[in-house]
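Peer 1:
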Amino acid sequence: MKIAVLIKQVPDSDDVRMDPETGTMVREGMGAIVNPLDLNALQAALDLRSAAGGEVTVITMGPPRAHEALRECLSMGADRGMLLTDRAFAGSDTWATAKVLAAAVKKAGPFDLVLAGEKATDGETGQVGPETAALLGMPFSTYVSALSLADGGVEVARTVEEGIQRQFLPFPCLLTVLHALNEPSMPTLAGKKRARRTEIPLEGIASIGISPEETGLGGSATRVVKISYPTISRTTEMFDEKRIDEGIERLVAVLRDMAVI
Amino acid sequence: MTGKQFFVLGEVRDRHIHSVTFELTGKARELADTCGGTVTAVLLSGGLDDDPETLLRSGADRVMTVEHPVLSMYNQDAEVKVLAHLLRRETPDVVLAPATTSGRTTLPALAAELETGLTADCTGLEMDPETGLLLQTRPAIGGNVMATIKTPVRRPQMATVRPRTFRAPDRKAAAGGAVIRPEIPPELFVSRVVNLGFERGEDGGSNIQDLDVVVSGGKGLKRPESFRILEELAALLGGGVGASRPAVEAKWMGYPHQVGLSGKVVAPKVYIAAGISGAVQHLAGMQTAGFVVAVNRDPDASIFRVADLGLCGDLFDILPRLTERIRKEVGAE
Ligand SMILES: Cc1cc2nc3c(=O)[nH]c(=O)nc-3n(C[C@H](O)[C@H](O)[C@H](O)COP(=O)(O)OP(=O)(O)OC[C@H]3O[C@@H](n4cnc5c(N)ncnc54)[C@H](O)[C@@H]3O)c2cc1C
Ligand SMILES: Nc1ncnc2c1ncn2[C@@H]1O[C@H](COP(=O)(O)O)[C@@H](O)[C@H]1O
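In order, the protein sequences belong to chains B and S. Note that my numbering numbers the first sequence so that position 48 is 190, with each residue one more than the last. Note that my numbering numbers the second sequence so that position 12 is 7, with each residue one more than the last.
1. Under the rule that 16 or more other beta-carbon atoms within 10 Å means buried, what is L359/B, buried or exposed?
2. So what does DSSP say about S290/B, is it helix, strand or coil?
3. Please name the residue or residues paired with C407/B in a DSSP beta bridge.
4. Could you check whether the Cβ of K261/B sits closer than 7 Å to any heavy atom belonging to ligand 2?
5. Anything with a beta carbon under 5 Å from a heavy atom of ligand 1 counts; list them all in chain order.
6. So T143/S and Q131/S are supposed to be a Cβ contact under 8 Å. How far apart are they, rounded?
7. Thinking C-beta only, is V247/B closer than 8 Å to S234/B?
8. Strictly below 7 Å CB to CB, what residues from chain S border G268/B?
9. What residues are listed by DSSP as bridge partners for M224/B?
10. By how many angstroms is the C-alpha of M280/B removed from the C-alpha of G271/B?
11. Mind checking whether the beta-carbon of N177/B lies closer than 7 Å to any heavy atom of ligand 2?
12. Is M203/B near ligand 2, in the sense that its beta carbon is under 7 Å from a heavy atom of that ligand?
13. Return helix, strand or coil for T111/S, following the three-state DSSP convention.
14. Taking 8 Å as the threshold (C-beta atoms), are L183/S and A106/S in contact?
15. Assuming contact is defined by CB atoms lying nearer than 8 Å, are L38/S and T60/S in contact in what I supplied?
16. Going by beta-carbon coordinates alone, are I352/B and A245/B separated by less than 8 Å?
17. Apart from the five residues just before and just after V65/S, which ones in its own chain have a Cβ nearer than 6 Å to its Cβ?
18. Pick from Q151/B, T236/B and A262/B: whose alpha carbon is nearest that of S362/B?
19. Could you tell me which of K76/S, N139/S, L50/S and G119/S sits nearest to Q276/S, measuring between CA atoms?
20. Taking C-beta pairs closer than 7 Å, name the residues in chain S that K368/B reaches, listed in chain order.
21. Does the region -4 to 15 of chain S touch the region 296 to 310 of chain S, meaning 3 or more C-beta pairs lie closer than 8 Å?
22. Based on the DSSP secondary-structure assignment, which residues constitute the bridge partners of I12/S?
23. So T357/B and T318/B are supposed to be a Cβ contact under 8 Å. How far apart are they, rounded?
24. Name the one or two DSSP bridge partners that V37/S has.
25. Rounding to the nearest angstrom, what Cα-Cα distance links D207/S and P164/S in this structure?
26. What I want to know is whether the C-beta of G268/B ends up closer than 7 Å to one or more non-hydrogen atoms of ligand 2.
27. Expressed to the nearest angstrom, what Euclidean distance is found between the alpha-carbon atoms of T283/S and T118/S?
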């Protein structure tokens, strides 16, 4: 079984720092990690390989330093890595990113299964997975929280608002996964050694056969036109420690007025 | 139809039109009225127990309903094919859809199919008076900033919007317009994805997005047991319990209860936040609530800046007193 895992390197901090002048993210000096959900996708791929044999390829589009993220995946047990780096990719929106990833999957494939995270912690769009599936013409599912092999495909559980939906998808297909799917394993020493020895080919735009107009800023459908800071404020009636009873009375009056009680 | 066409891709759950469909139809009406446009609401389902005409009374000029057994449970494969067919034929300028698990699954694939862009989780939508383009505003970089995005050339301009971001308009008593059933080539209903079943979750019935009162707890609650206090208070007020992300990560509450950027957006009449500091990512999920109450012992906590009423002190002291007082009030009636 041949499995591709789409991974993204994201900033390592919950409290992302901002440049107050430009409103952009301060990346300097920030650590970078593999997007947490992508590690769940990788773990699922490794588990399937254990069960059915085969090969796991991790693919990322990003700056040259994203090879660190691929190395980490190799040391967890992935067989191959593919790094897509090119100036022409800069400024890609989710659609332009998906075009690059779909082309890369085609080049490195064919694959039976493509896995991705449900969303990345930096972009938080959750769009790249389904977009890539559409461009590959593959059936796909999302919010996958359980997964098992079935005859000619996979059975998945999707966690949605009101419960769990079960679906069957034939190979080849693409899935985006949730944290609940599994517990990613730690890199092993042997894995780290092997990862150091494994060569990660660097692919530019020419080698995946798409044109510069299709990707980067020019190949994107959307444009960011403004960045602003949310300003939310209300006039607060404050009650300190000594006036809590008064505050509670005030609240009860409001709740009564609003017909809540 | 003349003028700009606005399409709302509605959501049907359990044969009922989900409230977000009305919210988006109302918003589309508002946008269309700025430029003499028309609004079409599309409903895909396995059959409807609600009357689609209610959407005409909520701002749609027409409703298109497509009913087929394969759509009786959410089916992304068939939805994308049917909607791509419809949108290619109708060529709308703007397409709005809910940022629910279904919308967030169908829409990106649909956008890629139509070779256009998509903006996820918009919290603001307006028409640019100069260019006539849709300005799509969404929280970015962990909610620290708002990014305004447009789709200058490609069509349609597509956006998903979280439920409860916009208020549903009041329904008019009567309205013109038509409900139509477009002709769909039968092969588009053939799905590669096979639905095997659905199990309703324990929490499925109590969606905090649908409640008038939400009482949320954060890290300040310190222990999972403390959430009992909130549950008691919420029950007295006919509401439900929400939680901040750290409280969910500590497994004090389940993920369906998470409020915020990476959880749910709630807009109840009353939101009570206890032991929550008020990080922007949390505020992104509750700032449109009607009346906000904050209980926190830190007078400088940012949650107080968005609160209408602040109780500054120890929540383990305040909440039981508040609950007791409300129990008396409710019992006295
Ligand atoms: C990309 C991204 C997405 C995120 N998404 C979300 C999201 O969806 N939802 C979310 O909530 N967060 C989210 N976060 C996390 C967010 O940044 C904050 O870390 C989080 O909201 C803080 O939770 P808290 O207020 O419960 O905890 P804290 O910030 O630790 O605040 C605890 C508060 O409790 C008060 N307190 C403690 N003890 C008592 C007591 N005895 N009595 C009264 N008050 C007390 C303290 O004064 C403090 O203000 C996200 C972060 C990122 C980067
Ligand atoms: N640049 C990228 N390279 C590889 N995979 C990506 C990239 N961007 C997004 N993905 C994949 O798509 C998922 C969703 O990302 P997003 O749509 O940005 O929230 C991620 O979890 C990754 O699996």
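For glycine and all other residues, C-beta sits at the position ideal for the given N, C-alpha and C.
Peer 2: Straight from the coordinates:
1. Position 217 of the first sequence, counted from the start, is the residue given in the question as residue 359/B. It counts as exposed.
2. Position 148 of the first sequence, counting from 1, holds the residue named residue 290/B. The answer is strand: DSSP assigns S290/B an E or B state.
3. One cannot answer for residue 407/B here, as it falls past the ends of chain B, which runs 143 to 403.
4. The residue you call residue 261/B lines up with position 119 of the first sequence. Flag set: Cβ of K261/B near ligand 2.
5. D156/B, G137/S, G213/S, K214/S, G215/S, S239/S, R240/S, P241/S, G255/S, L256/S, S257/S, G258/S, G270/S, I271/S, S272/S, A274/S, Q276/S, H277/S, N291/S, R292/S, D293/S, A296/S, D309/S and L310/S
6. Looking up residue 143/S in the second sequence gives position 148. Looking up residue 131/S in the second sequence gives position 136. Between Q131/S and T143/S the Cβ distance is about 7 Å, and since that is below 8 Å, they are a contact.
7. To locate residue 234/B, count along the first sequence from 1; it is residue 92. To locate residue 247/B, count along the first sequence from 1; it is residue 105. Their beta carbons are not under 8 Å apart, which means S234/B does not touch V247/B by this criterion.
8. Here residue 268/B refers to the residue found at position 126 when the first sequence is read from its first residue. What G268/B touches in chain S: R99 and A115.
9. Looking up residue 224/B in the first sequence gives position 82. Partner(s): I201/B.
10. Within the first sequence, residue 271/B is the residue found at index 129, counting from 1. Within the first sequence, residue 280/B is the residue found at index 138, counting from 1. Straight-line Cα distance between these residues: approximately 11 Å.
11. Along the first sequence, one-based indexing puts residue 177/B at 35. Yes, the beta carbon of N177/B sits closer than 7 Å to at least one heavy atom of ligand 2.
12. To locate residue 203/B, count along the first sequence from 1; it is residue 61. At least one heavy atom of ligand 2 is nearer than 7 Å to the Cβ of M203/B, so yes.
13. Within the second sequence, the letter at position 116 stands for residue 111/S. Three-state result, T111/S: coil.
14. Against the second sequence, residue 106/S aligns to sequence position 111. Against the second sequence, residue 183/S aligns to sequence position 188. Contact flag unset, no.
15. Position 43 of the second sequence, counted from the first residue, corresponds to residue 38/S. Position 65 of the second sequence, counted from the first residue, corresponds to residue 60/S. It is a contact, given that the beta carbons lie within the stated cut-off.
16. Locating residue 352/B in the first sequence gives position 210, counting from the first residue. Locating residue 245/B in the first sequence gives position 103, counting from the first residue. For I352/B and A245/B, yes; Cβs fall inside 8 Å.
17. The count along the second sequence starts at 1 and reaches residue 65/S at position 70. A73, F184 and S186.
18. The sequence position of residue 362/B within the first sequence is 220, counting from 1. Out of Q151/B, T236/B and A262/B, T236/B has the C-alpha closest to the C-alpha of S362/B.
19. Here residue 276/S is taken as the residue at index 281 of the second sequence, counted from 1. Taking only the C-alpha atoms, the option nearest Q276/S is N139/S.
20. By one-based count along the first sequence, residue 368/B stands at place 226. What K368/B touches in chain S: T143.
21. no
22. Locating residue 12/S in the second sequence gives position 17, counting from the first residue. V7/S.
23. Counting from 1 along the first sequence, the entry for residue 357/B is found at position 215. Counting from 1 along the first sequence, the entry for residue 318/B is found at position 176. Going by Cβ atoms, the distance from T357/B to T318/B rounds to 21 Å, so no, they are not a contact pair.
24. On the second sequence, residue 37/S is found 42 positions in, with the first residue counted as 1. Looking at the DSSP assignment, V37/S forms a beta bridge with L4/S and M59/S.
25. Counting from one through the second sequence, the residue named residue 207/S turns up at place 212. Counting from one through the second sequence, the residue named residue 164/S turns up at place 169. If you take the alpha carbons of D207/S and P164/S, they lie about 17 Å apart.
26. By one-based count along the first sequence, residue 268/B stands at place 126. Yes.
27. Counted from its first residue, the second sequence places residue 283/S at position 288. Counted from its first residue, the second sequence places residue 118/S at position 123. Cα-Cα distance, rounded: 10 Å.
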